[in-house]
Amino acid sequence: MRLAYRIANWIAAKAYSTAVRARQTPSVLAELTPRFVSDDLVTPAVGDRFAIVVKYALFGVTDDFLQLLAALRRHNVNPIVVCNGNLSDEELGKLKADAHRILVRRNRGRDFGAYRAATLFLQAQNLRPRRLLYLNDSVMFVDGPGLDAMIGALADSSYDVVGTFENHEFVHHVGTYAFSLTGDVFADPRVQRFWRHYKPYDLRPHAIQRGEIGLSECLAKCGYRTDVVYSAERLALRLDRMNLPELVEKLRYAPYGALRNYDLKALLSGATETASLLHRAADSKPVKATTPTITEYARVAARASSLIDESKRRSVTADQVVRETLVNHIMGHIINGSQIHYGFGLFHRVMDSPLIKRDLLIRGVLLEYDCARILDYMPASQRDPIMRELINRGRLVNLRGWRAFMVHNGFV
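Those letters in the sequence shown? Residues 13 to 424, per this note's numbering, in order.
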């Protein structure tokens with residue numbers, strides 16, 4: 013029965029995808045040469061670093077998006093805002109406070125379609141940036157030192173390509189909600205060919221497989237050096253440096269499967285037994301009581317000092333065994349999927365990542381109170397809008413019919 017359901021679901025998903033492609037093909041072909049409703053040069057460029065920043069009109073112009081533009085300006089990066097859909101005059105006015113340029117287009121092909129359109133348009137205009145950042149509002153941006161540090165890492169890196177997070181859910185690739193390229197990568201004919209050949213269908217699986225993953229594969233084939241700002245190994249090293257109470261406290265920021273539905277005592281039982289064995293001092297035979305000579309006293313004192321040093325070493329090693337068991341357990345729930353989703357709490361609280369995926373709840377990664385705990389350091393005026401955005405999208409509970417089909421097959 014289960015196999016039959018899976019086959020039927022696969023056929024239905026394939027049929028839906030094919031129908032959408034057929035319906036959208038005329039508009040996709042019309043977009044092979046990008047078209048924009050308007051192009052407003054707001055202020056002259058300062059320097060040679062630029063950012064393509066995609067704004068989805070239905071989200072509106074939110075405070076975090078304006079704070080992102082201001083942070084880009086602080087780093088002398090010229091923001092080119094690409095609006096997927098029309099904004100009101102009031103919203104456009106807000107963008108003009110920090111935007112270098114505002115491009116408005118019809119919403120074709122989601123965020124990646126906007127990346128493609130802006131990239132080809134700027135290439136045709138012979139833009140030669142030293143560094144080009146790509147960002148979109150599928151994530152929320154938390155204003156503060158973390159946001160400035162992230163933009164600095166993207167804008168100032170010596171690597172050819174810098175992503176913020178990586179993903180192993182399908183094949184290894186860099187997330188495209190926030191990444192950067194050097195000017196040489198931007199101008200590479202092989203990379204330009206990728207953008208020209210990409211078809212901007214408004215299908216989420218297509219945007220991931222052919223767009224996000226396709227771009228990572230193209231850059232890898234070109235031999236470009238890639239770095240990731242919030243990488244799993246950097247997070248693990250920071251956790252390794254914490255003492256046991258600090259590490260246990262961080263468990264509350266771990267993803268759903270790591271925090272609940274397991275017995276901490278059972279998890280640590282083997283490590284605790286190993287630690288207790290390591291902690292025991294070496295057995296010593298009783299020594300006959302005598303009046304020691306000066307030579308014997310020196311020998312006994314040296315032996316005692318050696319035992320104390322060995323005991324300390326064993327204690328440190330025992331503590332390390334327990335801590336590394338916890339770290340390994342935590343990291344195991346993060347590394348093999350979308351790390352920006354499953355590692356959100358830890359990357360945010362340990363490494364000050366400013367990125368929050370809008371679909372954390374609807375993907376079933378976290379629950380409302382998990383997110384509230386992670387963001388409990390924020391003032392309510394900052395935390396409440398973030399929480400409301402996450403909650404209002406819903407989550408994977410009691411889904412039925414068409415909505416369940418769309419969510420479970422990754423179309424929304």
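Heads up, the beta-carbon is just placed ideally off N, CA and C, and yes, glycines get one too.
Small disclaimer: the values here were computed from a predicted structure and weren't measured.
Check whether residue i and residue j have beta carbons under 8 Å apart
{"i": "Ala190", "j": "Val240", "result": "no"}
{"i": "Pro267", "j": "Ile374", "result": "no"}
{"i": "Ser228", "j": "His185", "result": "yes"}
{"i": "Ala82", "j": "Asp110", "result": "yes"}
{"i": "Cys380", "j": "Ile403", "result": "Per the sequence shown, the amino acid found at residue 380 is Glu instead of Cys. Yes; because the gap between Cβ atoms is below 8 Å, this pair is in contact."}
{"i": "Val49", "j": "Arg117", "result": "yes"}
{"i": "Val93", "j": "Leu107", "result": "yes"}
{"i": "His9", "j": "Thr55", "result": "With the chain covering 13 to 424 only, the question about residue 9 has no answer from this structure."}
{"i": "Ser192", "j": "Tyr236", "result": "no"}
{"i": "Asp371", "j": "Arg405", "result": "yes"}
{"i": "Ala154", "j": "Pro366", "result": "Contrary to the premise, residue 154 reads as Val rather than Ala in this sequence. Yes, these two residues count as a Cβ contact at 8 Å."}
{"i": "Asp76", "j": "Leu115", "result": "no"}
{"i": "Leu249", "j": "Val362", "result": "no"}
{"i": "His87", "j": "Asn348", "result": "no"}
{"i": "Val46", "j": "Phe133", "result": "Correcting the residue identity first, residue 46 is Pro in this sequence and not Val. A contact, by the Cβ cut-off of 8 Å."}
{"i": "Arg202", "j": "Ala167", "result": "no"}
{"i": "Ala31", "j": "Phe417", "result": "no"}
{"i": "Glu245", "j": "Gln351", "result": "no"}
{"i": "Asp149", "j": "Phe198", "result": "no"}
{"i": "Tyr210", "j": "Gly195", "result": "no"}
{"i": "Leu259", "j": "Arg208", "result": "no"}
{"i": "Asp419", "j": "Leu408", "result": "With the sequence shown as reference, residue 419 is identified as Val, and Asp is not the correct amino acid for it. Taking 8 Å as the Cβ cut-off, Val419 and Leu408 qualify as a contacting pair."}
Boundaries of the alpha helix (DSSP H) in which residue i is found, first to last residue
{"i": "Ile393", "result": "The residue asked about is misnamed: residue 393 is Ser in this sequence, not Ile. Element bounds for Ser393: Ala392 to Asn404."}
{"i": "Arg35", "result": "Arg14 to Ala42"}
{"i": "Met418", "result": "Gly413 to His420"}
{"i": "Met363", "result": "Phe356 to Met363"}
{"i": "Lys262", "result": "Leu256 to Lys262"}
{"i": "Asp252", "result": "Ala244 to Asp252"}
{"i": "Leu367", "result": "Here Leu367 belongs to no alpha helix (DSSP H); instead the beta strand (DSSP E) covers Leu367 to Lys369."}
{"i": "Glu380", "result": "Glu380 to Ile386"}
{"i": "Phe124", "result": "Arg122 to Ala136"}
{"i": "Lys233", "result": "Gly226 to Lys233"}
Presumed contact (8 Å Cβ cut-off) between residue i and residue j, rounded CB distance
{"i": "Gly187", "j": "Thr176", "result": "6 Å"}
{"i": "Gln135", "j": "Gln204", "result": "6 Å"}
{"i": "Asn90", "j": "Val66", "result": "Contact doesn't hold; Cβ gap of about 15 Å is too wide."}
Extent of the continuous beta strand (DSSP E) run through residue i
{"i": "Phe153", "result": "Val151 to Phe153"}
{"i": "Leu53", "result": "Ser50 to Leu53"}
{"i": "Gly239", "result": "Checking the sequence shown, residue 239 turns out to be Asp, not Gly. Asp239 -> beta strand (DSSP E) spans Thr238 to Val240."}
{"i": "Arg143", "result": "Arg143 to Asn148"}
Any non-hydrogen atom of the ligand ATP within 7 Å of residue i CB
{"i": "Ile163", "result": "Absence of the ligand ATP from the depicted structure is noted, as is the absence of any ligand whatsoever, leaving it without description."}
Q | Meets three-Cβ-pair contact criterion under 8 Å: the segment 116-136 and the segment 167-177 | A | Judged by Cβ distances under 8 Å, the segment 116-136 makes no contact with the segment 167-177, as fewer than three pairs qualify.
Q. With contact counted as at least three CB pairs below 8 Å, one residue from each stretch, are the segment 139-154 and the segment 57-66 in contact?
A. yes
Q: Only counting runs of 4 or more residues, tell me where the alpha helix (DSSP H) segments fall wholly within the segment 160-202, in order along the chain.
A: Entirely contained in the segment 160-202, the alpha helix (DSSP H) runs reaching 4 residues are, in chain order, 195-199.
Q) Is the segment 115-122 touching the segment 204-217 in the sense that three or more CB pairs, one from each, lie closer than 8 Å? A) They touch, by the three-pair rule.
Q | Contact between the segment 378-396 and the segment 354-362 (3+ Cβ pairs under 8 Å) | A | yes
Q.
Give the list of continuous beta strand (DSSP E) stretches no shorter than 3 residues that lie fully inside the segment 59-115.
A. 61-68 and 90-96
(Q) Between the segment 74-89 and the segment 153-163, can you find at least three pairs of beta-carbon atoms closer than 8 Å? (A) yes
(Q) Is it the case that the segment 251-261 contacts the segment 331-345, given that we only count it when at least three CB pairs across the two stretches are under 8 Å? (A) yes
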